Amino acid sequence: SQELEQSPQSLIVQEGKNLTINCTSSKTLYGLYWYKQKYGEGLIFLMMLQKGGEEKSHEKITAKLDEKKQQSSLHITASQPSHAGIYLCGADISEYGNKLVFGAGTILRVKS
Amino acid sequence: SQTIHQWPATLVQPVGSPLSLECTVEGTSNPNLYWYRQAAGRGLQLLFYSVGIGQISSEVPQNLSASRPQDRQFILSSKKLLLSDSGFYLCAWSRMGRQPQHFGDGTRLSIL
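Next comes the structure, spelled out in structure tokens:
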């Protein structure tokens with residue numbers, strides 16, 4: 269979606285290294301959702317951010333929302349092979365909260 | 465707990481044949497329901513969403529239609545498939561309001 273730009277498109281990191289994925293919206297963000305997908309499977313919900321400056325963590329994954337910049341980042345600390353997959357951000361840009369637009373995704377490979 | 469079932473997992477259909485993909489949700493009532501298509505290397509495109517029985521919103525003009533005959537059942541259909549209908553179809557549900565969407569395992573549709 270042109271409304272939601274995700275970068276980088278792909279990423280190869282050495283196991284144990286940190287990495288960051290960014291998601292930028294061209295429209296007002298009412299909410300930002302991060303998902304992980306393994307190829308050929310459904311999306312697994314990771315985290316939801318709704319307020320400017322909000323930060324959430326789950327295990328070694330941290331997501332932040334910069335409401336002013338209309339941007340979110342997903343940071344993985346000490347990456348592991350289990351982190352490999354496709355990460356997608358989804359943005360709630362509607363007033364009514366009924367639907368999301370998604371970024372094209374970031375393919376993450378972790379080399380052991 | 466809530467679960468979402470989507471079938472079939474894979475489908476190979478000839479051009480011009482009809483299509484019916486089914487999605488059901490268990491463990492919740494009056495969910496919002498969604499159909500997405502994911503093309504290779506691209507993000508998710510919202511096709512249809514529904515906030516209640518018989519209420520369908522179409523996001524893009526296309527060869528497909530959706531129906532919601534029961535509260536927790538969502539069906540994606542086509543009378544005559546086109547080659548361009550190939551892709552990975554995902555069903556999702558959410559509670560009302562700004563809530564995360566939860567996805568099924570997807571259907572890989574190949575048109576020959």
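Read top to bottom, the protein sequences are chains A and B. In terms of my numbering, the first sequence is residues 269 to 380. In terms of my numbering, the second sequence is residues 465 to 576. Each residue gets a CB set at the ideal place from its N, CA and C atoms; glycine is no exception. Just so you know, these numbers come straight off a predicted model, no measurement behind them.
Query: Using the C-alpha atoms, what's the distance from residue 487(B) back to residue 533(B)?; Result: 11 Å
Query: Buried or exposed for residue 467(B), please, with buried defined as at least 16 other CB atoms from any protein chain shown within 10 angstroms of its CB.; Result: exposed
Query: Within the chosen definition, does the segment 470-477 of chain B reach the segment 358-373 of chain A through at least 3 CB pairs nearer than 8 Å?; Result: no
Query: Against residue 356(A), what residues of chain B qualify as contacts under a CB-to-CB distance less than 8 Å, listed in chain order?; Result: 507 and 508
Query: Measure the C-alpha to C-alpha separation of residue 351(A) and residue 469(B) and round it to an integer number of angstroms.; Result: 25 Å
Query: Using beta carbons (cut-off 8 Å, strictly below), is residue 554(B) in contact with chain A?; Result: yes
Query: Which of the residues in the segment 481-509 of chain B, read from start to end, lie with their CB under 9 Å from any CB of chain A?; Result: 496, 498, 500, 502, 505, 506, 507, 508 and 509
Query: So, helix, strand or coil for residue 493(B), using DSSP?; Result: coil
Query: Distance check for residue 306(A) and residue 283(A), CA to CA, integer angstroms please.; Result: 18 Å
Query: Anyone know if the C-beta pair for residue 501(B) and residue 553(B) falls short of 8 Å?; Result: yes
Query: What residue does the beta strand (DSSP E) around residue 292(A) start on, and which one ends it?; Result: 287-293
Query: In chain A, what lies closer than 8 Å to residue 569(B) by C-beta?; Result: 309 and 310
Query: Under DSSP, the beta strand (DSSP E) around residue 378(A) begins and ends at which residues?; Result: 374-379
Query: Does the CB of residue 339(A) have a neighbour CB from chain B at under 8 Å?; Result: no
Query: Could you tell me the distance, in whole angstroms, from the CA atom of residue 341(A) to the CA atom of residue 482(B)?; Result: 42 Å
Query: Which residues bound the beta strand (DSSP E) around residue 334(A)?; Result: 329-334
Query: Determine contact between the segment 556-576 of chain B and the segment 488-496 of chain B, defined as no fewer than three beta-carbon pairs at a distance below 8 Å.; Result: yes
Query: Using a Cβ-Cβ distance under 8 Å, would residue 295(A) count as near chain B?; Result: no
Query: Can at least three beta-carbon pairs, one atom from the segment 544-552 of chain B and one from the segment 285-298 of chain A, be found at a separation below 8 Å?; Result: no
Query: Checking the sheet assignment: what are the DSSP bridge partners for residue 304(A)?; Result: 312(A) and 355(A)
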